[in-house]
Amino acid sequence: MENPENIIVVKNLVKRYGDFTANDNLCFEVRKGEIFGFLGANGAGKTTAIRILCGLSYPTSGKINVAGFDAYTQRELIKRNIGYMSQKFSLYDDLTIAENIRFYAGIYGLSQKVIKSRTNQLLHRLGMEEIRNRLIRDVPLGWKQKLAFSVAIFHNPAVVFLDEPTGGVDPVTRRQFWEMINEAAEEGITVFVTTHYMDEAEYCDRVSIMVDGKIAALDTPQNLKKSYKTSDMNGVFLTLARGE
Amino acid sequence: MRILISILQKEFIQIFRNKVMLPFIFIVPIIQMVVLVFAANLEMQEIRFYTVDLDLSETSRKLRYEFSASPFFRDQGTGFSLGEGEEMLLRDKADLILVFDQGFEEKLRKENLSSIQLLINAINSAKAGLVNAYSEAIIRDFNQDVRLEWLGLPAFEAIENIDISYSYWYNPELNYKIYMLPAILVILVTIIGMFLTAMNLVREKEMGTAEQINVTPIRKFHFIIGKLLPFWVIALFELAFGLTIGKIFFGLPILGNLALLFGFASIYLMAILGLGLLLSTFSETQQQVMFLTFFFMLTFILMSGIFTPVESMPVWAQKVNIVNPFAYFMRVIRMILLKGSGFHDIRHEFISMFVYAVSILSLSVWRYRKIH
């Protein structure tokens, strides 16, 4: 790694499924502590890329380094240092809030004592102390989402990957969710987030936009708007997605 | 270790929180055994017979009375044409038609040889076989009586003949129930082992939690042990529970060593759990895995010798049974419980099962992928 400030380094990442190229020669870096937006239309290849970065899927070729570890040879070390929250935030429906936290913290090897005190802190912060023994299936979607995010960063990972974390919730909850993301970033956790919502792209430090498996643009939201001469990210996105 | 405990804790909470689970563990064995005792009964109580008597002689009437007097037969009347008899069979009002031809008695007197005809409803071939056997026994006795009478000898100076008497070992009363109870236990522990394991694993995939687990540093083998161990424990408990119910309420004999039985069951279950895990790696939804396990379970159960001895199957079927874990356990549980076999008697099954368990577990662990 040339620059120690980069926590994710991707060089010439290619992923093919038969004849179909989902990720076509991606190159980008993510800096430590930033909120990196990973944008693109449906089917542009965002989820494929995020799954490769998390070690859920093999790349066809390319060099990938996450949190200082190689994606081919040091997968398990990568996994120790990342958090992940997918579109269907994967809490167990038939476990309570507290049991879900205990389970996920447990498989990262945290001790019972640490889990207990951090769980209390977390539930206090989320205002969920009252319902800690409620089953996840009885918890409203917005709360579930916040909880899933908190569980994903419970073990203090270096990077957290969020794959469309705010799908299907109301604007107020989305707003609150982004406040949580900001807090996490302030605590030094790098955030790698994919989203459909262009207003959310404005909250990111830097944004990359994928079109047909390629990265079409990568810069801060301000610079992107300037160079595409639009007032908002929506304009940038539409210009790129239409292939103009 | 800490990681493993976390998984086990979660699994046990989920299993026992599932409302279907506890009834399944405790009620199913009882129901299966009760149903079995009343339904799986091959002895025949009431064979309905109808007589077509075209001879109307003393001998034909006597033979008919012999049938009526037997506790296994119920007289449905007498008629004088074969058509009526066939009608009775057709309408399922009789299981057996006894036909005496005209001149039955006369032929017997003159030629010392006569014949009667038995028409048996053989839609259920097992039942037909029994009807035939019971009828033959009555006719044989009658035959003996007739000969004695006509030769004019007193009954106790019977003509020389070889009297055959039977003693049935390991199941003296030929009680079908005792043959079947151990088999039911095999099915029970297998359902728990294979079916529930496979369903449980696929459920995680379906809900998306499997993916979440896969991004954690959890080791494949930790996760698999955490998934399999609970069902292994529950299935062994189920075996103990089933044995207790069988012993107390249904007189299941336990002649052999229970420790040996549980020893074998532990290894058997590893193979079964491995099979469940293997099938789960081929399925994405609970529905798929359900069909898949059903297919294997039904095939294995039917081929295992549950109803019919494996030895009477065609050679190819016996060969297939080499990879059928049911067949081993079916044989071993009957040997230990009914015969009191010791380790020496089942050592081949023991070793085979061990090899089986190790291979199938290795195969399924290899098939199970964290990355796709």
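In order, the protein sequence lines correspond to chains A and B.
Per the numbering used here, residue 553 is the first one in the first sequence, and the count goes up by one each step.
Per the numbering used here, residue -7 is the first one in the second sequence, and the count goes up by one each step.
Cβ coordinates follow ideal geometry from the N, Cα and C atoms, glycine included.
Residue pairing by DSSP places residue 622/A opposite 617/A in a beta bridge. For residue 568/A, no CB of chain B lies under 8 Å from its own CB, so it is not counted at the interface with that chain.
Residue contact with chain A for residue 276/B: absent (no Cβ-Cβ distance below 8 Å to any residue of chain A).
Residue 659/A places its beta carbon less than 8 Å from that of residue 210/B. For the segment 336 to 352 of chain B, no residue has a beta-carbon sitting nearer than 9 Å to a beta-carbon of chain A. Listed by position along chain B, the residues whose Cβ is nearer than 7 Å to that of residue 631/A are 207, 208, 209. Segment contact: the segment 345 to 362 of chain B against the segment 260 to 278 of chain B, three or more CB-CB distances shorter than 8 Å; contact assigned. Excluding residues up to 5 positions away in sequence, 586, 587, 588, 711, 712, 714, 733, 736, 737 lie with their Cβ nearer than 8 Å to the Cβ of residue 743/A in the same chain. In terms of beta-carbon proximity, residue 651/A lines the interface with chain B, with at least one pair separated by less than 8 Å.
Counting only Cβ-Cβ distances below 7 Å, residue 655/A has contacts in chain B at -2, 2, in chain order. Around the CB of residue 567/A, 16 or more other CB atoms lie within 10 Å, so the residue is classed as buried.
Residue 639/A places its beta carbon 8 Å or farther from that of residue 752/A.
Counting along the chain, residue 687/A sits inside no alpha helix (DSSP H), nor does DSSP assign it H or E at all. When rounded, the separation of the alpha-carbon atoms in residue 188/B and residue 630/A is 33 Å. Counted as a single uninterrupted DSSP element, the beta strand (DSSP E) harbouring residue 90/B occupies residues 88 to 92.
The beta carbon of residue 49/B sits closer than 6 Å to the beta carbons of 97 from its chain, once the five residues preceding and following it are set aside; these are given in chain order.
Burial check for residue 637/A: the Cβ neighbour count within 10 Å reaches 16 or more, so the residue is buried.
In the DSSP assignment, the residues bridged to residue 569/A are 572/A.
Listed by position along chain B, the residues whose Cβ is nearer than 9 Å to that of residue 647/A are 2, 5, 6, 9. Assignment of residue 754/A by DSSP, reduced to helix, strand and coil, places it in the coil class.
Residue 11/B sits exposed, since fewer than 16 C-beta atoms from the chains shown fall within 10 Å of its C-beta. For residue 193/B against residue 272/B, the beta-carbon gap comes to about 4 Å, under 8 Å, which counts as contact. Using a Cβ-Cβ cut-off of 8 Å, residue 696/A does not count as an interface residue toward chain B, since no Cβ of chain B sits closer than that to its own. Within the segment 664 to 695 of chain A, no residue has its Cβ closer than 7 Å to any Cβ of chain B. Sequence-distant partners of residue 691/A (beyond 5 residues in either direction) whose C-beta falls short of 8 Å from its own C-beta, in its chain, are 649, 683, 699. Below 8 Å, enough C-beta pairs join the segment 194 to 205 of chain B and the segment 274 to 281 of chain B to call them touching: three or more.
Per DSSP, the beta bridge partners of residue 558/A are 583/A. Close CB contacts of residue 233/B within its chain, under the 8 Å cut and outside five residues either way in sequence, are with 17, 18, 21 (chain order). Two segments are said to touch when three or more pairs of C-beta atoms, one from each, lie closer than 8 Å; by this definition the segment 662 to 681 of chain A does not touch the segment 593 to 608 of chain A.
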